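**Q**
Residue numbers (this note's numbering): 205 to 527.
(1) Strictly by DSSP, which residues pair up with residue 496?
(2) Bridge partners for residue 401 per DSSP, in chain order?
(3) Pull up the distance between the alpha-carbon of residue 360 and that of residue 266, whole angstroms please.
(4) CA-CA distance, residue 510 and residue 496?
(5) Quick check on residue 362: buried or exposed, where buried means 16 or more other Cβ atoms within 10 Å of its Cβ?
(6) Using C-beta distances below 6 angstroms, list every residue in its chain close to residue 158, excluding the 5 sequence neighbours before and after it, in chain order.
(7) Checking 8 angstroms against the spacing of the C-beta atoms, do residue 284 and residue 272 come in under that value?
(8) So, residue 243 versus residue 464, is the Cβ gap smaller than 8 angstroms?
(9) My understanding is that residue 450 touches residue 375, with C-beta atoms under 8 angstroms, so please give their C-beta distance in whole angstroms.
(10) When you compare each of 487, 502 and 315 to residue 391 by their alpha carbons, which one comes out closest?
(11) So residue 299 is in the alpha helix (DSSP H); what residue range does that whole segment cover?
(12) What is the C-beta distance between residue 416 and residue 521, in whole angstroms, given that I count them as a contact (C-beta under 8 angstroms)?
(13) With distance defined between alpha-carbon atoms, name the residue in 474, 492, 505 and 433 nearest to residue 237.
(14) What would DSSP say about residue 462, mapped onto helix, strand or coil?
(15) Could you check what DSSP says for residue 443 in three-state terms: helix, strand or coil?
(16) Could you tell me the distance, in whole angstroms, from the CA atom of residue 308 to the CA atom of residue 441?
(17) What are the residues that DSSP puts in a beta bridge with residue 310?
(18) Find out if the Cβ-Cβ distance for the pair residue 472, residue 408 is shorter than 8 angstroms.
(19) Which residues does DSSP list as the beta-bridge partners of residue 481?
(20) Return the residue from the list 430, 475 and 295 that minimises the CA-CA distance to residue 404.
(21) Any idea if residue 338 is buried or exposed, counting beta-carbon neighbours within 10 angstroms, 16 or more meaning buried?
(22) By Cβ distance, which residues of its chain are closer than 8 angstroms to residue 215, with the 5 residues on each side in sequence left out?
(23) Helix, strand or coil: which one does DSSP assign to residue 373?
(24) Over the uninterrupted beta strand (DSSP E) stretch that includes residue 232, give me the two end residues.
(25) Using three-state DSSP, classify residue 224 as helix, strand or coil.
(26) Pick out whichever of 425, 452, 410 and 445 has its Cα sitting closest to the Cα of residue 227.
(27) Under the rule that 16 or more other beta-carbon atoms within 10 Å means buried, what is residue 518, buried or exposed?
(28) Does residue 217 pass the burial test, meaning 16 or more other C-beta atoms within 10 Å, or should it be called exposed?
(29) Please report the distance separating the alpha-carbon of residue 499 from that of residue 311.
(30) Quick one: what's got a C-beta closer than 7 angstroms to residue 257's C-beta in the same chain, skipping five residues either side?
(31) Which term fits residue 371, buried or exposed, when burial requires 16 or more other beta carbons within 10 angstroms of its beta carbon?
(32) Please check the pair residue 455 and residue 494, which I expect to be a contact at CB under 8 angstroms, by giving their CB distance rounded to whole angstroms.
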């Protein structure tokens, strides 16, 4: 076992938490959250027959927010419920069974059960355990049919998002998807498990970050926890049943040469309830070089980002190496 799991730590502390989980004052959610106001992140009904309107709303939200929620996306509620049920069932397994899926120490694959993901400033830890596995192409950890059913519908959502984002930059509808790998684009699922925390005022589930991938499509449960940064302040993002939360990731910001913004976000935890989330990261192949799209750079608009292999980009970001 790489270290003690947060799920186990949570069951042994009643009114305090280990020092390693206490964030510094500039991160503690009780101090840094704007209380009583939910962030009015754009909510887009993608079933609207006016496709030009949908494309415009998605592009505008990606420029101004880097985040939006979509409703009436075509994935049935029961499919989402089954997909969530699989994740809950995993974390309800006896500890020794979960450990059978643990990531091996020093292993290069990100797939598997784990607790710590990246190098943290000041050695602090997030109040979260996770399970990573690829759901497209078919994963190494494939323990339920629910993922396959979910991803069957997810393909349509992904196609619509890439089409709208491409058109919003004046590109052909297929060009952004091709630039991040086309048919080789991987869908990486991370199931986040945030157990009840005795001191939610001091801890964070996942520290403030932007996503490394191109786009993230997230299903939360109904426990509030997702926060986004707006003008330097932290706000809760309102939970909407059956909505999908869309994050613009680093590769989309790079491809758009800064026109779309990768959203800075974090997660908080609660005292008496378990929060979970199911983000799917749309990842380019590791050896694919991603940089500003050639059609979006010229003498007046020089490239603002380096072109870099996606695998190298991820390694640098996870290990806090300057890009």
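From the three backbone atoms N, C-alpha and C, an ideal C-beta is built for every residue, glycine too. These numbers were taken from a predicted model, which means no experiment stands behind them.
**A** Taking the structure as given:
(1) Residue mapping note: residue 496 aligns to position 292 of the chain shown, counting from 1. Bridge partners of residue 496: none, in fact.
(2) As a position in the chain shown, residue 401 is number 197, starting the count at 1. Answer is none; residue 401 lacks a bridge partner.
(3) The residue given as residue 360 occupies position 156 in the chain shown. The residue given as residue 266 occupies position 62 in the chain shown. So the two alpha carbons sit approximately 19 angstroms from each other.
(4) For the purposes of this step, residue 510 is identified with residue 306 of the chain shown, where counting begins at 1. For the purposes of this step, residue 496 is identified with residue 292 of the chain shown, where counting begins at 1. Using only the alpha carbons, I get a separation of about 8 angstroms.
(5) On the chain shown, residue 362 is found 158 positions in, with the first residue counted as 1. It is buried - the Cβ of residue 362 has at least 16 other Cβ atoms within 10 Å.
(6) Residue 158 lies beyond the stretch modelled for the chain, which goes from 205 to 527, so this question has no answer here.
(7) As a position in the chain shown, residue 284 is number 80, starting the count at 1. As a position in the chain shown, residue 272 is number 68, starting the count at 1. Against a cut-off of 8 angstroms, the Cβ pair of residue 272 and residue 284 comes out as no contact.
(8) Within the chain shown, residue 243 is the residue found at index 39, counting from 1. Within the chain shown, residue 464 is the residue found at index 260, counting from 1. In this structure, residue 464 does not lie closer than 8 angstroms to residue 243 by Cβ.
(9) Working through the chain shown from its first residue, we reach residue 450 at position 246. Working through the chain shown from its first residue, we reach residue 375 at position 171. The pair is not a contact, with the Cβ atoms about 19 angstroms apart (cut-off 8 angstroms).
(10) In the chain shown, the residue the question calls residue 391 occupies position 187. Selected option, being the one with the closest Cα: 487.
(11) Here residue 299 refers to the residue found at position 95 when the chain shown is read from its first residue. Start and end: 299-303.
(12) As a first step, residue 416 must be located in the chain shown, where it is residue number 212. As a first step, residue 521 must be located in the chain shown, where it is residue number 317. At roughly 5 angstroms, the Cβ-Cβ gap stays under 8 angstroms, so residue 416 and residue 521 are in contact.
(13) For the purposes of this step, residue 237 is identified with residue 33 of the chain shown, where counting begins at 1. Of 474, 492, 505 and 433, the residue nearest in Cα terms is 433.
(14) Against the chain shown, residue 462 aligns to sequence position 258. In this structure, residue 462 counts as coil in the three-state DSSP scheme.
(15) As a working mapping, residue 443 is identified with position 239 in the chain shown. Residue state, collapsed to three classes: coil.
(16) Position 104 of the chain shown, counted from the first residue, corresponds to residue 308. Position 237 of the chain shown, counted from the first residue, corresponds to residue 441. For residue 308 and residue 441, the distance between alpha carbons rounds to 35 angstroms.
(17) Residue 310 sits at position 106 when you count from the first residue of the chain shown. DSSP, once it has assigned bridges, lists no residue as partnering residue 310.
(18) The residue you call residue 472 lines up with position 268 of the chain shown. The residue you call residue 408 lines up with position 204 of the chain shown. Closer than 8 angstroms, so yes.
(19) Position 277 of the chain shown, counting from 1, holds the residue named residue 481. Partner(s): 396 and 424.
(20) The count along the chain shown starts at 1 and reaches residue 404 at position 200. The candidate whose alpha carbon is nearest that of residue 404 is 475.
(21) Numbered from 1 along the chain shown, position 134 holds the residue referred to as residue 338. With 16 or more other Cβ atoms within 10 Å, it is buried.
(22) Here residue 215 is taken as the residue at index 11 of the chain shown, counted from 1. 399, listed in sequence order.
(23) By 1-based counting over the chain shown, the position of residue 373 is 169. It is coil, neither helix nor strand.
(24) Sequence index remark: in the chain shown, residue 232 carries index 28 (1-based). Segment: none, residue 232 is in no beta strand (DSSP E) and carries neither H nor E.
(25) Indexing the chain shown from 1 puts residue 224 at position 20. It is helical.
(26) Reading the chain shown from its first residue, position 23 is the one you call residue 227. The shortest C-alpha separation from residue 227 is found at 410.
(27) Looking up residue 518 in the chain shown gives position 314. Looking at its Cβ environment, which holds 16 or more other Cβ atoms inside 10 Å, residue 518 is buried.
(28) Start at 1 with the first residue of the chain shown, and residue 217 comes out as number 13. Counting Cβ neighbours within 10 Å, residue 217 comes out exposed, since fewer than 16 surround it.
(29) Translated into positions along the chain shown, residue 499 becomes position 295. Translated into positions along the chain shown, residue 311 becomes position 107. Their Cα atoms are separated by approximately 38 angstroms.
(30) Along the chain shown, read from residue 1 onward, the residue named residue 257 stands at position 53. So the list is empty, once near-sequence residues are dropped.
(31) What you label residue 371 is simply residue 167 of the chain shown in a count that begins at 1. Per the 10 Å Cβ criterion, buried.
(32) Locating residue 455 in the chain shown gives position 251, counting from the first residue. Locating residue 494 in the chain shown gives position 290, counting from the first residue. Between residue 494 and residue 455 the Cβ distance is about 5 angstroms, and since that is below 8 angstroms, they are a contact.
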